[in-house]
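Colleague: Here it is, the structure, as C-alpha cells.
Protein chains in written order, with the working numbering: chain A, 1415 to 1908; chain B, 111 to 502.
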C-alpha cells in the first residue's frame, strides 16, 4: 500500500462499557458427533432456543451495556450492528433491533453483514462516526446465532452470542475506562466458512489443513504485522479459534503470549461475528492493552483497546460464559434442530391469524418491540397494548400517554400449556403478571421455569422471538423467573 | 312475576358425539325433526315463521361464513326469514334470547331456535388447537381454549384452597349424569382417580377436567304467550334473561377467581324474572372445564364465593343435592357443540321442568330452571336464561 493511502494519525475514541448475552442453552458436541455416527467430540456449544436469535441476543447485550455505562438510550446517537446472518437477510432487521432497544427514529447507524467479520466492520464504522463527530455516543453490537449445515464440520463448532460496546468521543465530557487506539486489516479471497445464496446452512467445505495452515494463518498474520510495533509485549489477545485447535496455531504465528480468549471455544463454540469480542471479555477486566483479532469472510482485522481500569460490565459479561445468573441449560440435539427449523413436523405448522406482512403488524410492531402501554389521563390505569384500546378499558376516557412498561413484576396467576400444535413446544408457561408500574400483561414464560412457577414469583421480562412465519420473525416480551436470590427491587434499580 | 311473554312449546336434540357420518345439514335436520315431533298437540314445519340459527365456527368444517340461509334449506323450509347468531360459546343461549325477543316483538308468533355445530370434521390440531396461533401475535400466542380458564383454577386453588379433587368431583358428577342421558356424548361413569391420573392438558387442568369436542344440534320452538295453548297444555315460560360483556383479554380481568360477565348477566336475569338464586330448582351451566362450573355456581349465587369446590365435592350440585347442576351431563359429558350447546341446555331445562327427564329427573320445587353459558376469548360474554312453569 502506498504511504499516502492511510492517515498517519488515527483518531482514538472512548469505550464506556461492555454487555454480553449468550444463550443459556448448551449442546454437547459429542451429541452432534454421535448423531452422525462420528466418534469423539469435546466441549459444548451455546445454542438458541426456539424463541431466540441474533436479534434477541443483540437486544439484551445492548441493554446490559447501556446499564453498565449508565447511559440512557435517548442520549445515544446511533447503533452499529454486525451480524453475519441477520434475522431477515433482506428486510427490516436493523429497524427491528433499533426499535427494540429504544433508539430514536432519527439516529444514525447501520447493519454490517455478509460474513462473520461483520462484528468488526460495525465496530470500525461506529468508531469512524464518533471520531468524525457525527455522533457523540454510539452503540456497537456484534451478534450471531448461525445455522450450520446438517452434518458439516461447522455444526460441531457453531456457537452463538452477542457483545455490545458503548463508544464515546474523547472531548472530556465523559471519562471512559477504555480507548480504541489502533487498527489494521488484511484481505485475501478464499472460501472458508460460507453459505451460498440458495443454501440454508453454513458449511466449511475446504480441507481443514489447507484452511488452517495455508490460508488463515497468513491472513491473520497479515493483519497483525501491520501494527505489531504498536502492541506492547504484555498485551492480552483475543485470537480467532474457529475449531478449538486453530487458536493455538494462530497465537504462535502472531506472537500472542497472553491469550484471553483461551477456553471460550470450549464453553460456547465459535459465536460468528461476536466471537472476537467474546474472546476479549476476560481481557477487559483490568488495565492494560487488549488486541481484538477477528477473521472471517476472507478478511482479518485487529482492533487495539487500551484500558485504564476494568471496563464497566466486563465481569457480568464474563458470567454469560456459564449461563449468567440463571445458569446454563443443557439441550438435546433434536430440540436444537427444532429450534433452528431443521427438524419440522410433517403436518404444516399452524399459521398465525394474520401473517407478519399484515397491517396488524404495521400498527403493532413498535408497541410489541418496545413493550408499550398507555396510561389513562383520567384514571391512570394502563392499557396494554395501546393499538387495541382506543379508549381506557377501565374508565372509557380517550387519550393518555404512551409509556414503556416496567420490565419486572409478580405472577398473578399462570398455566402450563401441554397441548398445542406445531410449531409450539410444550411445556409452555403462560403467566398473568402484575408489573411494577401497575400494568398487567399476559405473556409466555420460559419452558425451563415450567416446573417451578408459582403465584407471587418475581419475574423479569426480556425480548424473545414469538414466531417465525414466511421468513419473518415476530418479537415480543417473555417472562422469566428471577433467581430467588435476586429481589425484584434490586432488578428495578438497574 | 316472570316476564312470560314467550312460551317454549317444543324441544329436541340429536345424540351428541363424533358424528363423522353426519353433515352439518343432516344434524340440523335431525334436531328439527326432533323438535317438531316433541310438540304435544302436533306441529307442521310450515308453521315456522322465522328461525334463528346459532353456529359459532364454520371454519371447523371448512366453511368461512355460514349465512342464515344454510339451515332453512337443509330442513325443508327454505324461504323463511332466518338469521345466524354468533356470540362465542353463548351463541346458542343468545340465539334463544334473541328468538324470545323476536316473538315478544310481535313480528313473528312462531320462531325456531336451532343450534348446529360441526367440531370434528377437522383434526384437533387444525381445528380448536390452531387457535394457539390466532388472535394477537404476542398477547394471545399459545392461547388454546384451556388457557382461558386454567389461570382461574390456579388462582382459585391458591386463594381458597380448592383442590384438584374438588375440580375432579365436577367431572365425576357430570359423567355420572351423562350416563343417565341418552343424548350425551359420553355415557359412562368415571372415577375421581381416573380424573386425577389423566394426562395434563394445561396445568392445573388434566384431560378429564376438559369437555370433549363434539358434533351436535338442538332446537326449540318459541311461540307467543297468547298462542301457547294451540301447541301444548304444559308450556315452559321464558321468565327472564340477561347478557353481559367483559374485557376480552386475559390480562384485563378484574380478578382470576370469578367471571364478572356471568355475575352481571345473572343479576339482569334474576331482576327480569323476579326469581332469586334460591328459587332455582336446577341449572344447566357452562362447564367447559371443571373449574368453570365451580366459578359458575359461585357467580350465579348458588354458593358463596370460594365455596364452589367444597359444594361440588360434598354433593350439593348432584341430581339429589340442594341445587342440581348439569343433570344432562353438562358440557363435560354431554358435549360442547358450541352453537348447539346453549339450545341443548335449554332443552334439558324444558324436560326437567315438565318432569320428562327420566332417570335423571330432579325434584321440581319452585318450577324454575336456569341456563348459562360464558365464553368469548377471556370470558368476555355470558348469557343467562331463566325458565319457569309458573304462569304470571
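Backbone N, C-alpha and C define an ideal beta-carbon position, used for all residues, glycine too.
With DSSP collapsed to three states, give me the class of residue 1572 of chain A.
Modeller: It is a strand residue.
Colleague: Indicate the three-state DSSP secondary structure (helix, strand or coil) for residue 422 of chain B in the structure shown.
Modeller: Here residue 422 of chain B sits in helix by DSSP.
Colleague: Does any C-beta atom of chain B lie closer than 8 Å to the C-beta of residue 1616 of chain A?
Modeller: Taking Cβ atoms only, chain B never reaches closer than 8 Å to residue 1616 of chain A, which makes this a no.
Colleague: Whose C-alpha, out of A/1640, A/1420, A/1695 and A/1524, is nearest the C-alpha of residue 1653 of chain A?
Modeller: Closest by alpha carbon: A/1695.
Colleague: Are the C-beta atoms of residue 321 of chain B and some chain A residue less than 8 Å apart?
Modeller: No, because no Cβ of chain A sits closer than 8 Å to the Cβ of residue 321 of chain B.
Colleague: Just list the residues that DSSP pairs residue 367 of chain B with in beta bridges.
Modeller: Answer is none; residue 367 of chain B lacks a bridge partner.
Colleague: Looking at C-alpha atoms only, which residue of B/181, B/452 and B/199 is the closest neighbour of residue 137 of chain B?
Modeller: Closest option to residue 137 of chain B, Cα to Cα, is B/181.
Colleague: Under the three-state reduction of DSSP, which class applies to residue 151 of chain B: helix, strand or coil?
Modeller: Three-state result, residue 151 of chain B: coil.
Colleague: How would you write the range of the alpha helix (DSSP H) that residue 404 of chain B sits in, first residue to last?
Modeller: Counting along the chain, the alpha helix (DSSP H) containing residue 404 of chain B begins and ends at 400-409.
Colleague: Under the assumption that residue 1514 of chain A contacts residue 1473 of chain A (Cβ atoms under 8 Å), give the Cβ distance between them as a whole number of angstroms.
Modeller: At roughly 5 Å, the Cβ-Cβ gap stays under 8 Å, so residue 1514 of chain A and residue 1473 of chain A are in contact.
Colleague: Is residue 1609 of chain A buried or exposed, if buried means 16 or more other CB atoms sit within 10 Å of its CB?
Modeller: Residue 1609 of chain A is buried by the Cβ-count criterion.
Colleague: State the CB to CB distance for the pair residue 178 of chain B and residue 155 of chain B, rounded to an integer number of angstroms; the pair is presumed to be in contact (CB under 8 Å).
Modeller: Rounded, the Cβ-Cβ distance is 17 Å, inconsistent with contact.
Colleague: Can you give me the start and stop residues for the beta strand (DSSP E) that residue 1608 of chain A sits inside?
Modeller: No beta strand (DSSP E) contains residue 1608 of chain A, which DSSP labels as neither H nor E.
Colleague: Under 8 Å, Cβ to Cβ, is there at least one residue of chain A near residue 260 of chain B?
Modeller: At least one chain A Cβ lies under 8 Å of residue 260 of chain B.
Colleague: Return helix, strand or coil for residue 1898 of chain A, following the three-state DSSP convention.
Modeller: Residue state, collapsed to three classes: coil.
Colleague: Opposite residue 493 of chain B in the DSSP bridges: which residues?
Modeller: In DSSP, residue 493 of chain B forms a bridge with B/353 and B/483.
Colleague: Going by other Cβ atoms of all chains shown within 10 Å of its Cβ, with 16 needed for buried, is residue 312 of chain B buried or exposed?
Modeller: Residue 312 of chain B comes out buried.
Colleague: What does the alpha-carbon distance come out to for the pair residue 1427 of chain A and residue 1494 of chain A?
Modeller: Looking at the two C-alpha atoms, the distance is approximately 15 Å.
Colleague: Exposed or buried, residue 493 of chain B, counting other C-beta atoms within 10 Å across all chains shown (16 or more means buried)?
Modeller: So residue 493 of chain B counts as buried.
Colleague: Scan the region 1706-1773 of chain A and note each continuous alpha helix (DSSP H) run of 4 residues or more that stays entirely inside, going in chain order.
Modeller: Taking only runs of at least 4 residues, the alpha helix (DSSP H) segments lying wholly in the region 1706-1773 of chain A are 1728-1733 and 1747-1753.
Colleague: Within 10 Å of its beta-carbon, does residue 1684 of chain A have 16 or more other beta-carbons around it, so buried, or fewer, so exposed?
Modeller: By the 10 Å Cβ count, residue 1684 of chain A comes out buried.
Colleague: When you compare the CB positions of residue 323 of chain B and residue 230 of chain B, do they come within less than 8 Å of one another, or not?
Modeller: In this structure, residue 230 of chain B lies closer than 8 Å to residue 323 of chain B by Cβ.
Colleague: From the beta carbon of residue 1754 of chain A, is the nearest beta carbon of chain B less than 8 Å away?
Modeller: No, because no Cβ of chain B sits closer than 8 Å to the Cβ of residue 1754 of chain A.
Colleague: What residue range is occupied by the uninterrupted beta strand (DSSP E) comprising residue 179 of chain B?
Modeller: Where residue 179 of chain B is concerned, there is no enclosing beta strand (DSSP E), given that its DSSP letter is neither H nor E.
Colleague: By how many angstroms is the C-alpha of residue 1576 of chain A removed from the C-alpha of residue 1475 of chain A?
Modeller: Cα to Cα, residue 1475 of chain A sits roughly 6 Å from residue 1576 of chain A.
Colleague: In chain order, what are the residue ranges of uninterrupted beta strand (DSSP E) at least 3 long that sit wholly in the region 1780-1842 of chain A?
Modeller: Runs found: 1786-1789, 1815-1818 and 1822-1831.
Colleague: Since residue 1855 of chain A contacts residue 1805 of chain A with CB under 8 Å, what's their CB separation in whole angstroms?
Modeller: Not quite, the Cβ-Cβ distance comes to about 19 Å (not below 8 Å), so this is no contact.
Colleague: Count Cβ pairs between the region 345-361 of chain B and the region 372-384 of chain B that sit closer than 8 Å; are there 3 or more?
Modeller: Taking 8 Å as the limit for Cβ pairs, the verdict is that the region 372-384 of chain B does touch the region 345-361 of chain B.
Colleague: Going along the chain, which residues of the region 1873-1890 of chain A sit with their C-beta nearer than 7 Å to a C-beta in chain B?
Modeller: Flagged, chain order: 1880, 1881, 1888 and 1890.
Colleague: At the 8 Å Cβ level, is residue 174 of chain B part of the contact set with chain A, yes or no?
Modeller: Chain A, which has no Cβ nearer than 8 Å to the Cβ of residue 174 of chain B, makes this no.
Colleague: State yes or no: is the beta carbon of residue 1838 of chain A nearer than 8 Å to at least one beta carbon in chain B?
Modeller: Residue 1838 of chain A counts as touching chain B.
Colleague: Name the chain A residues that come within less than 8 Å of residue 264 of chain B, Cβ to Cβ?
Modeller: In chain order: 1827, 1828, 1829 and 1869.
Colleague: Please give the ranges of any beta strand (DSSP E) in the region 1518-1559 of chain A, keeping only runs that are unbroken, at least 3 residues long and fully inside the region.
Modeller: List check, beta strand (DSSP E) in window: 1522-1526 and 1551-1558.
Colleague: What is the C-beta distance between residue 1478 of chain A and residue 1433 of chain A, in whole angstroms, given that I count them as a contact (C-beta under 8 Å)?
Modeller: Yes, they are in contact, since the Cβ atoms of residue 1478 of chain A and residue 1433 of chain A sit about 3 Å apart, within 8 Å.
Colleague: Taking a contact to mean a Cβ-Cβ separation below 8 Å, would you say residue 344 of chain B touches residue 150 of chain B in this structure?
Modeller: Yes.
Colleague: Could you spell out the range, first to last residue, of the alpha helix (DSSP H) harbouring residue 268 of chain B?
Modeller: Element bounds for residue 268 of chain B: 260-270.
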